[in-house]
Amino acid sequence: FRYHKIIFTFLFQFFFSTSVDGNIKAWLYDYLGPRVNYNAPGRACTSMAYTTDGQRLLSCGTSNSGESFLVEWDESQGAIKRSYRGLQKSSVGAVKFDIMKNQFVAAGNENVIKVWNLDGDDLLTTIDAEGGLPENPQIRFNKDGTLLAVYAKENKIKVLASDSGLQLLGICGSDSDESSRVVGEKGDTEGREALNSKLIEEANAGKSRKPFESYRHTQCQSLLLPSNVKVEKISRLIYGSAGNAALALASNGIHLLWKWPVNDLNLTGQVTAKVPPELLKRRNSSTTLMKNDLTANTEAVPCFALSKNDCYLISSSGAKISIFNTLTFKTVVSFMPPSSEATCLAFHPIDNNIVAIGSADFTVLVHNVRLNETISVLDGHTGRISGLAFSNTLNILVSTGADAQIIVWDAANFKRQRSRSLLEIPEGLHQSDTYVQFHPDQTQLLAVHKSYMGILVANNLECVAKWIPGDSPPISGATFSCDGQKIYAAFMDGTVGIFASSPLEFFSWISLHSYLPSSSSLNVYPAAIAAHPQKPNQFAVGLTGGEVVVIEPPSPGTEW
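Letter by letter, the sequence shown follows residues -22 to -1, 1 to 538 of mature numbering (1 follows the signal peptide of the UniProt record, and there is no 0).
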């Protein structure tokens, strides 16, 4: 058969050979032929490697159809002991892998480096090395596992280094809070570049930013929206597309819809902090408000989405998914989710009959409400779905989950296009919701996690800017302003930060006592935040105490 690779056992007692058709043979140092003969999974073109201590044997192979397999072997029996999950189908070349001492195994796939704990089946994390990697990059650890070399596009080699690796390279930086760096090598003629760029690893996320007090404190004008309805935490908040209404969903399933009047004090009828709105209720009915069915599951995630014409609301609080007419408050239709409970909802930007339903079982369902049938089930996340966003310009759907992963899907055929993990999220915080929102230009994304905020290019998921809370409280939510020039971010101490979006810079903040009347409880913080669709300097927050507050600059016509 046609040989592909040869690997010697730890004590050189015998050696393995692998072929391009996936056949594996074990040989002694004699002329009696192979003593063991078996096939790699998928009969894939396969490479093998031992751990540093020689006690564990792994292989990685890619079949002619592009399916890849990373497994651990019982070498004496020729049987698979463990299969590592997370490799995706490849269109070009075979997946390459390497082992870091006796702890981790890494493979180049989907333009990133994927890492597993040797004792765990599921993907541990991914590293994008700041982008520029081919689909299946070649990788190699040094003997101590402190350096990882990866082949990049444009004939580059990037070297990823831990703190110990930096010392080995003689790069003892003054930036003590940078946990890792990338050293680049470009071509044979250009030689090595010293310290090409920084890599922020999962274990220690980036440079910590200064506390809020280092920035300008901003005064504001605010309005606590009136309500005589007993509600709990505001879980979701949105403006109507016309800018004359605000809609909130509380954790007890109640929807609150406020509409602003047209009068001498508010000639446009737009949402304003100067004029109180009316809380709309359904008249002449025992059911005066839109309300979701509830579930006994205390982990249920309230979620909703508003149609582009503001006439229909799709909503769920862990039980049925309901569609309401926002003019009459009547329930148009209710149905149980086809699989697990809904955790996130989004209307298709062109066809209001099509909705994307993020689920607690890690899938995204594309559902036709009118026909009550599921069009497609999208798999790929390893945590519950927490964010969905369509781009009509790019014709894509973007999903995010508690696994801190972002996946881009073709909105025409719902095939997976690309994905990446938010590497900057510290270890131990992965199973925490990640949200996503498109910039008004529909080509950039805002990704938000309690420990990270970043702007990514939707076409390639390249992170062009990021901000790490550092010593600041965790982020509870963030949103672009309607013109995309600012980002409003809420924090779990009640502070709201105001950022410039390009470049991403924190420039001022609003304290809790500045926007919340003194009569209200101060033991609250924004759990939801939304920006006015036409006024770039206005936003609203929904608080954990059930309040909704509209916030804008203190003087008319001014900016933050």
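Glycine is no exception: its CB is placed at the ideal position from the N, C-alpha and C atoms.
Expected contact under 8 Å - CB spacing of residue i and residue j to nearest Å
i      : j       : result
Leu267 : Ser205  : Going by Cβ atoms, the distance from Leu267 to Ser205 rounds to 10 Å, so no, they are not a contact pair.
Lys67  : Gly44   : 4 Å
Tyr129 : Asp99   : That belief does not hold up - the Cβ atoms of Tyr129 and Asp99 are roughly 27 Å apart, past 8 Å.
Pro532 : Gly462  : The pair is not a contact, with the Cβ atoms about 23 Å apart (cut-off 8 Å).
Gly535 : Val209  : That pair is no contact at about 34 Å.
Thr352 : Pro316  : 5 Å
Thr250 : Trp236  : Not really, about 12 Å apart at Cβ, beyond 8 Å.
Trp51  : Ser37   : 6 Å
Thr378 : Ala425  : 7 Å
Glu530 : Gln516  : 4 Å
Leu245 : Val253  : That pair is no contact at about 10 Å.
Gly20  : Phe(-7) : That belief does not hold up - the Cβ atoms of Gly20 and Phe(-7) are roughly 18 Å apart, past 8 Å.
Local conformation of residue i per DSSP, three classes
i      : result
Leu173 : Low confidence applies here, because Leu173 scores a pLDDT of 28, under 50, leaving its location unreliable and the question unanswered by this model.
Leu423 : strand
Tyr493 : helix
Gly523 : coil
Arg118 : strand
Gly20  : helix
Asp471 : coil
Lys92  : strand
Pro112 : coil
His359 : coil
Asp76  : strand
Lys67  : coil
Gly151 : Because Gly151 sits at a pLDDT of 38, beneath the cut-off of 50, its placement in the model cannot be relied upon, and the following sentence gives the value as read from the coordinates. DSSP places Gly151 in coil when its eight states are reduced to three.
Arg159 : Because Arg159 sits at a pLDDT of 43, beneath the cut-off of 50, its placement in the model cannot be relied upon, and the following sentence gives the value as read from the coordinates. Strand at Arg159.
Val83  : strand
Ile446 : coil
Gln415 : strand
Val279 : coil
Cys441 : strand
Ser312 : strand
Glu45  : coil
Met268 : coil
Glu537 : coil
Gly432 : strand
Val502 : coil
Tyr290 : strand
Lys298 : coil
Gly165 : Low confidence applies here, because Gly165 scores a pLDDT of 40, under 50, leaving its location unreliable; read the following figure in that light. Correct three-state label for Gly165: helix.
Tyr28  : strand
Phe517 : strand
Asn303 : strand
Ser354 : strand
Ala107 : coil
Residue(s) in a DSSP beta bridge with residue i
i           : result
Glu50       : Leu36 and Arg60
Arg394      : Trp387
Trp487      : His195 and Gly475
Thr457      : Tyr466
Gly336      : Cys322 and Val342
Ala130      : Lys134
Asn330      : None, per the DSSP bridge assignment.
Leu375      : Phe368 and Trp387
residue 551 : As displayed, the chain neither begins before -22 nor continues past 538, which places residue 551 out of reach and without an answer.
Leu400      : Answer by DSSP bridge pairing: none, since Leu400 is not bridged.
Asn1        : Asn17
Val347      : None; Val347 has no bridge partner.
Leu284      : Leu291
Flag this pair as touching only if the region 500 to 509 and the region 465 to 472 have three or more C-beta atom pairs under 8 Å; answer yes or no. yes
Which ranges would you report for the beta strand (DSSP E) in the region 185 to 263 if only whole runs of at least 3 residues count? 199 to 202, 212 to 217, 223 to 228 and 233 to 237
Across the region 413 to 433 and the region 328 to 347, are there enough close Cβ pairs to call them in contact, namely three or more that are closer than 8 Å? Counting C-beta pairs with one atom in each stretch, the region 413 to 433 and the region 328 to 347 have fewer than three that are closer than 8 Å, which means they do not touch.
Should the region 412 to 423 be regarded as contacting the region 376 to 384, the criterion being three or more beta carbon pairs within less than 8 Å? yes
Inspect the CB distances between the region 25 to 32 and the region 3 to 12 and report whether three or more fall short of 8 Å. Too few Cβ pairs lie closer than 8 Å, so no.
Would you say the region 210 to 229 touches the region 478 to 492, given that touching needs at least three Cβ pairs under 8 Å? no
Measuring CB atoms only, is the region 118 to 133 touching the region 75 to 82, in the sense that at least three cross pairs come out at less than 8 Å? yes
Counting pairs of beta carbons, one from the region 320 to 335 and one from the region 366 to 380, are three or more of them closer than 8 Å? yes
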